[in-house]
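**Student:**
Residue numbers (our numbering): 284 to 671.
#1: Going by alpha carbons, who is nearest to residue 406 out of 589, 576, 370 and 653?
#2: Alpha carbon to alpha carbon, how far is residue 501 from residue 493?
#3: Could you check where the beta strand (DSSP E) with residue 409 kicks off and where it finishes?
#4: Which runs of the beta strand (DSSP E) spanning at least 3 residues fall entirely within the segment 443-508, listed in chain order?
#5: Classify residue 338 as helix, strand or coil using the three-state DSSP reduction.
#6: Evaluate residue 512 with the Cβ neighbour count: other Cβ atoms within 10 Å of its Cβ, from every protein chain shown; 16 or more gives buried, anything less gives exposed.
#7: DSSP state of residue 654, grouped into three classes?
#8: Taking the alpha-carbon positions, what's the residue 539 to residue 345 distance?
#9: Does the pairing of the segment 543-551 with the segment 503-521 give three or more beta-carbon distances under 8 angstroms?
#10: Skipping 5 residues on each side, what residues in its chain have a beta carbon closer than 8 angstroms to that of residue 642?
#11: What would DSSP say about residue 531, mapped onto helix, strand or coil?
#12: Excluding the 5 residues flanking residue 523 on each side, which residues of the same chain have their C-beta closer than 7 angstroms to its C-beta?
#13: Let me check understanding here. Comparing Cα to Cα, which of 447, 432, 467 and 486 lies closest to residue 458?
#14: Under a Cβ-count criterion, where at least 16 other Cβ atoms within 10 Å of its own Cβ denotes burial, should residue 542 be classed as buried or exposed?
#15: With a cut-off of 8 angstroms, do at least 3 Cβ pairs link the segment 460-469 to the segment 518-538?
#16: Would you mind sorting residue 606 into buried or exposed? The rule is 16 or more other CB atoms within 10 Å of its CB.
#17: Out of curiosity, what's the CA-to-CA distance linking residue 562 and residue 349?
#18: In the DSSP assignment, what residue or residues form a beta bridge with residue 584?
#19: Can you tell me which of 489, 587 and 429 puts its alpha carbon nearest to the alpha carbon of residue 410?
#20: Helix, strand or coil: how does DSSP classify residue 324 here?
#21: Looking at the unbroken beta strand (DSSP E) that takes in residue 266, where does it start and where does it end?
#22: Got a sec? Which residues, its chain only, sit under 8 angstroms from residue 589 by beta carbon, not counting five neighbours each side?
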């Protein structure tokens, strides 16, 4: 009896100490947060923040669009409806943070009324990876949370493309991507990898971001034979080694210098990297039998008024001429050349949006090219779907 009593006292003491630690130290500086989404993504996120030590967030409740489970309890907290009382409920629970689960990323992007209410109430919104970036099984980590960006809240109609046609082209093929560490190039890597190519050769001269791409491939697509190559595409000897070894079926050419003011100050580098680099990759694609060469260009190549735009227009003319020469039988080869032009891509390196945000933070003014200018934006995934 005494042994049983002693064990009971020890157990009670441990429970008390743990409760005292959690309530006093672990969550002392934690913010009370609601999670939008009650399915696997929301539950996985809730488990992650509950296990974080020291705690960054304390779970205050769930928000659901499913009427059948509203006002029920999940993981010890109540599930509330997503209605006009949402802000009032969060204030009563002393919460000013909303964490968006992967399956609700598109929902909040398309619910402008909800977003407006949250922003007006100074409620902070944190995003998780979108559903297409999460496999639906892996545990979500609190480290994957990030503050909401402008592009996250931009309501967009979903772009539908014939994925089956793309799959038939890319599955089991050898793919070479230049500029693979850039904002556009890395998204092309992600989207191409989803179609299970046999091999991917990823080229960039930026070591650190290319290392991140390498880790991503090892983590998410370890079944694909991938090679990350740190190199300058203008070095023909090195590029020829890669083409001879890998014989790519498809080439996505995203490597380029694109900052207009910097290229005005460094015109020789703009021509060397953009024009010479494109010529090297295009010529080797023809020589080694690449089926299709897709070049990423820019709207600044239309009637160019700056060095960068002019260099990209020269690239366009070169690959178009090469394509026509193959069709006319003047050049032996089978490569089909395709060019895609992008405008303002939200979230890309060099986008004007970060500049606008910084100017607004400083109290203005917000500088634009002309008072009557109208800018049309697209998201990085949209731009890369256009490429595919």
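For glycine and all other residues, C-beta sits at the position ideal for the given N, C-alpha and C.
All values reported here derive from a predicted model rather than from experimental measurement.
**Tutor:** With the structure as the only source:
#1: 370
#2: 12 angstroms
#3: 407-410
#4: 457-461 and 482-487
#5: coil
#6: buried
#7: coil
#8: 45 angstroms
#9: no
#10: 648, 649 and 650
#11: coil
#12: 567
#13: 486
#14: exposed
#15: yes
#16: buried
#17: 55 angstroms
#18: According to DSSP, residue 584 bridges with nothing at all.
#19: 429
#20: helix
#21: A query on residue 266 cannot be resolved here, the shown segment of the chain reaching from 284 to 671 and no further.
#22: 543, 546, 547 and 583
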